[in-house]
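K.L.:
For reference, the structure I am asking about is given below.
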Amino acid sequence: MSVIETRELRKTYGRIQALKGVSLRVEKGQIYGLLGQNGAGKTTLIKILLGITQLTDGDARLLDAPAGNTAVRARVGYLPEDHQFPGYHSAYSLMDFYGQLYGVSRGDRRQKIPATLELVGIAGRMHSKIKTYSKGMKQRLGIAQALLHDPDVIFLDEPTDGVDPVGRKEIRALMATLKDRGHTIFLNSHLLGEVELICDRVAILQRGELVREGTIAELTAQKGVFELGLAPSQAFPEHEAKALGYPVRALNPTATLWEVGLTDGQTIDPLVRMLVEKGLSLRHLVEKKVTLEDVFMSVVEGAEPGTDRRERKATAVGGSDR
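Structure (structure tokens):
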């Protein structure tokens with residue numbers, strides 16, 4: 381079942397195109413990550429889905445209703461980036477205030493507030509003033525207010541910002557628990573390692589366009605790229621390797637470390653056999669792995685995933701991004 385869906389979604393501000401035909405689907409129970417540089421259109425997309433901003437063209441649906449539908453809003457939780465809570469409130473009084481806004485009854489609030497604060501790990505400080513909280517505690521409180529009314533869909537904008545590594549692990553575990561309970565999470569984060577660990581699918585926006593979308597495995601798949609190392613005194617037979625049909629390039633100034641690509645249907649075996657026949661000492665041979673950060677930087681800097689960072693800088697796309 382599709383919980384969030386956009387089709388050819390467009391948003392313009394005067395002459396500026398903030399979103400350019402974005403189409404995506406988020407299924408029930410998924411943790412869906414949205415990535416992009418500042419100005420890529422992430423916040424605009426979220427605001428349209430929440431009904432805060434009107435779309436210019438296309439379609440956006442949330443919980444099988446047009447985005448912005450009043451009844452649907454009651455089934456959505458939202459943690460905005462850089463949220464600010466009044467310091468004179470305690471966590472309990474703030475949650476009580478939000479519970480009233482959400483329409484949660486007094487009796488339910490008395491039960492749900494301590495339980496929700498316990499879930500995010502700050503129940504022991506529920507009666508302390510928010511002004512005494514660390515940034516990480518404020519983030520946890522922000523997540524708690526988004527969960528209080530047991531929403532079907534939860535939008536989290538930078539939920540682990542300012543949280544230490546232990547806290548980030550706990551928040552990942554919390555998101556996994558929410559997923560197991562059937563909640564759908566739409567996550568925006570600049571911590572790509574966190575996204576890679578927790579998200580089922582990821583979309584990458586670049587200048588208002590959806591340029592990559594898929595599972596983590598799909599986005600990071602890089603079949604047939606190997607890193608090969610020889611002994612320092614040995615020369616790699618570059619021309620012979622290319623004659624066999626292998627794209628190769630040196631990875632270090634001494635030409636003892638090489639990247640070897642495979643074309644369709646190729647294996648690495650003929651190249652290894654040729655090196656052995658030439659009496660060369662193969663120090664190591666490993667298949668290169670690509671991270672989500674590699675994929676993201678390839679979009680930002682205009683090079684293939686797995687390319688050396690210095691080479692990516694040489695091919696980077698110029699200009700600022702709104």
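Residue numbers (this note's numbering): 381 to 702.
We put the beta carbon where it would ideally sit given N, CA and C, even for glycine.
Does the distance from the CB of Val349 to the CB of Leu415 come in under 8 Å?
P.N.:
Past the boundaries of the shown model lies residue 349; the chain is included only from 381 to 702, so the question cannot be answered.
K.L.:
Between which two residues does the beta strand (DSSP E) carrying Met616 extend?
P.N.:
For the record, residue 616 in the displayed sequence is Phe; it is not Met. It is not in any beta strand (DSSP E) - Phe616 carries neither H nor E in the DSSP assignment.
K.L.:
Which residues in the same chain have their Cβ closer than 6 Å to the Cβ of Met517, if we skip the five residues on either side of it in sequence?
P.N.:
The answer, listed in chain order, is Ile502.
K.L.:
Mind checking Ile551: buried by the 16 CB within 10 Å criterion, or exposed?
P.N.:
buried
K.L.:
Relative to the alpha-carbon of Gly421, which residue among Gln434, Gln397, Leu404 has its alpha-carbon at the smallest distance?
P.N.:
Gln397
K.L.:
Would you kindly work out how many angstroms separate the C-alpha atoms of Ala553 and Ala611, rounded to a whole number?
P.N.:
The straight-line gap from Cα to Cα measures roughly 45 Å.
K.L.:
Taking the beta carbon of Ser569 as the centre, do at least 16 other beta carbons fall within 10 Å, making it buried, or is it exposed?
P.N.:
Its Cβ being crowded by 16 or more others within 10 Å, Ser569 is buried.
K.L.:
In terms of DSSP beta bridges, what is Ser382 paired with?
P.N.:
Glu407
K.L.:
Since Ile510 contacts Pro466 with CB under 8 Å, what's their CB separation in whole angstroms?
P.N.:
7 Å
K.L.:
Looking only at its own chain, which residues have a Cβ that is under 8 Å from the Cβ of Val482, when we skip the five neighbours before and after it?
P.N.:
It is Tyr, not Val, that sits at residue 482 in the sequence shown. So the qualifying residues of the chain are Ala454, Leu528, His529.
K.L.:
Tell me whether Arg455 sits in a helix, a strand or coil according to DSSP, three-state version.
P.N.:
coil
K.L.:
Using 10 angstroms around the beta-carbon of Tyr468, count the other beta-carbons present and answer buried if the total reaches 16, otherwise exposed.
P.N.:
exposed
K.L.:
Please check the pair Lys492 and Leu435, which I expect to be a contact at CB under 8 Å, by giving their CB distance rounded to whole angstroms.
P.N.:
So it is not a contact: roughly 34 Å between Cβ atoms.
K.L.:
Between the C-alpha atoms of Gly448 and Arg561, what's the straight-line distance to the nearest angstrom?
P.N.:
25 Å
K.L.:
When DSSP labels each residue in this structure, what does Ile428 get in the three-state scheme?
P.N.:
helix
K.L.:
Is the beta carbon of Leu651 less than 8 Å from the beta carbon of Leu624?
P.N.:
Their beta carbons are under 8 Å apart, which means Leu651 touches Leu624 by this criterion.
K.L.:
Would you kindly report the start and end of the unbroken beta strand (DSSP E) that includes Glu593?
P.N.:
Boundaries of the beta strand (DSSP E) around Glu593: 589–595.
K.L.:
Taking three-plus beta-carbon pairs below 8 Å as touching, is the region 428–443 in contact with the region 592–604?
P.N.:
Touching, no, given that fewer than three Cβ pairs across the two stretches are closer than 8 Å.
K.L.:
To which residues does DSSP link Val640 through a beta bridge?
P.N.:
Phe606, Val628
K.L.:
Just the C-alpha distance for Leu404 and Val679, rounded to the nearest angstrom, thanks.
P.N.:
18 Å
K.L.:
Would DSSP call Pro545 helix, strand or coil?
P.N.:
Three-state DSSP puts Pro545 in a helix.
K.L.:
What residue range does the beta strand (DSSP E) around Gly438 cover?
P.N.:
437–442
K.L.:
Nearest to Met475 by alpha carbon, out of His619, Gly604, Ala524, Glu407?
P.N.:
Ala524
K.L.:
Just the C-alpha distance for Arg587 and Thr386, rounded to the nearest angstrom, thanks.
P.N.:
17 Å
K.L.:
Bridge partners for Leu665 per DSSP, in chain order?
P.N.:
Leu608
K.L.:
Taking Val670 as part of the alpha helix (DSSP H), name the residues at either end of that continuous run.
P.N.:
Unbroken run through Val670: none, as it is neither H nor E.
K.L.:
Of the choices Glu618, Gly604, Phe676, whose alpha-carbon is the least far from that of Gly645?
P.N.:
Checking every option, the nearest Cα to that of Gly645 belongs to Gly604.
K.L.:
Would you kindly work out how many angstroms separate the C-alpha atoms of Leu399 and Glu639, rounded to a whole number?
P.N.:
37 Å
K.L.:
Counting only the same chain and skipping the five closest in sequence on each side, list residues whose C-beta sits under 7 Å from that of Tyr478.
P.N.:
Gln525, Leu528
K.L.:
Would you kindly check if the distance between the Cβ of Ile648 and the Cβ of Ile411 is under 8 Å?
P.N.:
no
K.L.:
Check this for me: beta carbons of Gly401 and Val582, under 8 Å apart or not?
P.N.:
no
K.L.:
Return helix, strand or coil for Lys509, following the three-state DSSP convention.
P.N.:
Here Lys509 sits in strand by DSSP.
K.L.:
Provide the residue(s) that pair with Asp537 in DSSP beta bridges, ordered along the chain.
P.N.:
DSSP lists Asn568 as partners of Asp537.
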